[in-house]
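A quick write-up on the structure given underneath.
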Amino acid sequence: QIQSVFPSIKDTFVHIYITDQVWLHILHGKSMNEAIQDREDLRKQIETKSLHELEKMFENMANQYKEFLIT
1 QIQSVFPSIK DTFVHIYITD QVWLHILHGK SMNEAIQDRE DLRKQIETKS LHELEKMFEN
61 MANQYKEFLI T
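So the sequence shown is numbered by full-length UniProt numbering: it starts at 1 and just counts up by one.
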């Protein structure tokens with residue numbers, strides 16, 4: 001049995017996705033404050049996504065990180 005602050009696996013993935021997006025925005029030059037402010041908008045956008053849609057979003061974000069790292 002695992003105790004967690006997240007009520008579901010999906011909520012855990014949403015948290016990870018949002019955190020990774022915040023850092024990606026910071027790496028692209030946004031201020032920490034701007035990136036954190038964008039966090040709630042992002043959360044609202046992805047709350048209703050299915051796990052399959054969230055998986056695709058992670059794949060897209062992974063590609064964004066790869067592009068950042070090769071530039």
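For glycine and all other residues, C-beta sits at the position ideal for the given N, C-alpha and C.
Just how far apart, CA to CA, sit Ser50 and Ile70?
31 Å
Residue burial classification, Val14 (beta-carbon count within 10 angstroms, cutoff 16)
buried
Consult DSSP for Lys10 and reduce its assignment to one of helix, strand or coil.
helix
8 Å contact criterion, which Ile36 and Val22 should meet: CB distance rounded:
6 Å
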